[in-house]
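Protein chains in written order, with the working numbering: chain A, 30 to 176; chain B, 20 to 176.
Have a look at the structure below before the remarks.
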Ligand SMILES: [Zn+2]
C-alpha cells in the first residue's frame with residue numbers, strides 16, 4: 030500500500046471541537062483499512078484567499094497534515110467523506126513520492142543556442158522535411174506559361 | 020640573402036634557427052612545431068643545458084586548465100527538494116506583484132528542478148497554503164535569489 034498525505038484546512042473551532050473533528054478524520058482513515066504514520070499541526074492562521082465551503086466564507090483556518098498508508102481503492106471514498114464534513118474547509122490527498130535523483134543540466138542549458146543539444150536536434154529535424162514542390166506534368170523541361 | 024647569412028660570424032648563426040646546427044625535428048606538441056638542437060652534447064655542461072631545456076618542453080596529456088566549472092542551479096547545489104508545505108521557499112520563485120511563477124530564464128534552475136518546483140507550487144496553491152495572485156506579505160522582504168530585471172534571455176513582461 031502506498032504512502033499518502035492529506036492536507037486539511039479546518040475551520041476555526043474551540044479546542045474540544047477541534048479534537049473531535051481530528052478524531053473523526055483519523056477514524057475515517059482507520060475505517061478504510063488504513064494506518065496513520067504521522068499527524069502534523071501547521072497552526073491556525075489567515076487563509077491566503079477566501080474559501081467558501083458548505084455555505085459559508087472562511088478567512089481563517091487551521092492547517093493539519095496526515096501521513097497515512099491506505100489501499101488506493103478506498104481513496105475516492107475517503108475524499109468524498111471529507112468533502113461531506115462541515116468542519117473541513119479544504120482537503121487534498123497527495124501521493125508521497127521519494128524524490129528521484131538526477132544530474133543538474135544547467136551547464137548544458139546556459140550554453141549559446143548553437144551549442145545546445147536540443148537546438149541542434151531541432152535544426153536537424155527542420156532540414157529533414159522535404160517541402161512540396163508543384164509539378165506541371167506538361168512533359169516539357171520549361172514553363173510554357175508566363176511566370 | 021643566404022649568402023649574407025652564411026657569411027655571418029658563428030655567434031650570430033646560433034641565434035638564427037634554420038642554420039646548420041639546428042633542424043626542425045621531433046614532436047609537434049599542441050599543434051606547434053618545436054625547435055631542437057641536433058648537435059650532440061659535447062660536455063657535461065651541454066648535457067645539463069639539454070636537461071634543463073627538456074623541462075621547459077610542453078607537457079603532454081594535460082587537462083585543459085581553462086575549462087570552466089560545471090554550473091549548477093541553486094536547488095541542485097544545496098540539494099533542496101521543494102515541498103508544497105514549504106511556502107517560504109516556494110514564494111521566493113513567485114512574482115510579488117502578480118503571483119506568477121518566474122520562468123527558467125529568470126530563476127536559473129535546470130529544467131527538471133523547474134518542473135518539480137512548478138508542480139509543488141500548483142499543489143500548494145490548490146491545498147490552500149499559498150495565494151494565487153500575490154506573494155504572501157510575510158515573505159515579500161525575503162532575500163532575493165535572482166533579479167527578474169536581468170534575465171538570461173529577454174522576456175516579454
Ligand atoms: Zn539543477
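Here a beta-carbon is modelled for each residue, glycine too, at the ideal position from N, C-alpha and C.
This structure is a prediction, so every number in the text was calculated from the model and none was measured.
Roughly how far, in whole angstroms, is the beta-carbon of residue i from the beta-carbon of residue j, given that I think they are within contact range, below 8 angstroms?
i: residue 159 of chain B; j: residue 101 of chain B; result: In fact, because the Cβ distance is near 19 angstroms, the residues do not count as touching under 8 angstroms.
i: residue 61 of chain A; j: residue 103 of chain A; result: 4 angstroms
i: residue 95 of chain A; j: residue 35 of chain A; result: 5 angstroms
i: residue 130 of chain A; j: residue 57 of chain A; result: Contact flag wrong, Cβ pair sits at about 35 angstroms.
i: residue 128 of chain A; j: residue 149 of chain B; result: The pair is not a contact, with the Cβ atoms about 20 angstroms apart (cut-off 8 angstroms).
i: residue 71 of chain A; j: residue 93 of chain A; result: 7 angstroms
i: residue 111 of chain B; j: residue 164 of chain B; result: 5 angstroms
i: residue 53 of chain A; j: residue 114 of chain A; result: 7 angstroms
i: residue 50 of chain A; j: residue 129 of chain B; result: Not quite, the Cβ-Cβ distance comes to about 42 angstroms (not below 8 angstroms), so this is no contact.
i: residue 125 of chain B; j: residue 137 of chain B; result: The Cβ separation is near 13 angstroms, so there is no contact.
i: residue 146 of chain B; j: residue 121 of chain A; result: 4 angstroms
Beta-carbon of residue i versus every beta-carbon of chain A: anything under 8 angstroms?
i: residue 171 of chain B; result: yes
i: residue 134 of chain B; result: no
i: residue 122 of chain B; result: no
i: residue 100 of chain B; result: yes
i: residue 97 of chain B; result: no
i: residue 114 of chain B; result: no
i: residue 110 of chain B; result: no
i: residue 62 of chain B; result: no
i: residue 158 of chain B; result: no
i: residue 104 of chain B; result: yes
i: residue 91 of chain B; result: yes
i: residue 146 of chain B; result: yes
i: residue 77 of chain B; result: no
I need the straight-line Cα distance from residue i to residue j, nearest angstrom please.
i: residue 75 of chain A; j: residue 91 of chain A; result: 9 angstroms
i: residue 89 of chain A; j: residue 73 of chain A; result: 7 angstroms
i: residue 106 of chain B; j: residue 154 of chain B; result: 10 angstroms
i: residue 147 of chain A; j: residue 138 of chain A; result: 9 angstroms
i: residue 65 of chain A; j: residue 168 of chain B; result: 47 angstroms
i: residue 81 of chain A; j: residue 143 of chain A; result: 52 angstroms
i: residue 141 of chain A; j: residue 98 of chain B; result: 26 angstroms
i: residue 63 of chain B; j: residue 72 of chain B; result: 14 angstroms
i: residue 43 of chain B; j: residue 122 of chain B; result: Its pLDDT being 47, under 50, residue 43 of chain B is placed unreliably by the model, and nothing is read from it.
i: residue 156 of chain A; j: residue 149 of chain A; result: 11 angstroms
i: residue 48 of chain B; j: residue 68 of chain B; result: Residue placement at residue 48 of chain B is flagged as unreliable, the pLDDT there being 48, under the threshold of 50; a coordinate-derived value is accordingly withheld.
i: residue 84 of chain B; j: residue 74 of chain B; result: 19 angstroms
i: residue 157 of chain B; j: residue 140 of chain B; result: 17 angstroms
i: residue 173 of chain A; j: residue 166 of chain A; result: 12 angstroms
i: residue 100 of chain A; j: residue 85 of chain A; result: 33 angstroms
Of all Cβ atoms in chain B, is any one closer than 8 angstroms to the Cβ of residue i?
i: residue 176 of chain A; result: no
i: residue 153 of chain A; result: no
i: residue 52 of chain A; result: no
i: residue 172 of chain A; result: no
i: residue 145 of chain A; result: no
i: residue 71 of chain A; result: yes
i: residue 33 of chain A; result: no
i: residue 57 of chain A; result: no
i: residue 148 of chain A; result: no
i: residue 83 of chain A; result: no
May I ask you to check if the CB of residue i is nearer than 7 angstroms to at least one heavy atom of ligand 1?
i: residue 172 of chain A; result: no
i: residue 95 of chain B; result: yes
i: residue 128 of chain B; result: yes
i: residue 149 of chain A; result: no
i: residue 91 of chain B; result: yes
i: residue 7 of chain B; result: The first residue shown for chain B is 20 and the last is 176, placing residue 7 of chain B beyond what the model contains.
For a test of your reading of the model: does the CB of residue i fall under 7 angstroms from any non-hydrogen atom of ligand 2? Yes or no.
i: residue 135 of chain A; result: As for ligand 2, it is missing from this structure, which binds only ligand 1.
Q | chain C contacts made by the region 92 to 119 of chain A, where a contact means CB separation under 9 angstroms | A | Judged by its chain identifiers, the structure shown contains no chain C, and its protein chains are A and B.
Q: Could you tell me which uninterrupted alpha helix (DSSP H) segments, each at least 4 residues in length, are contained entirely in the region 76 to 159 of chain B, listed from first to last along the chain?
A: 93 to 96, 106 to 110, 123 to 126, 130 to 145
Q: Enumerate, from N- to C-terminal direction, the unbroken alpha helix (DSSP H) stretches of 4 or more residues contained entirely within the region 57 to 120 of chain A.
A: 104 to 113
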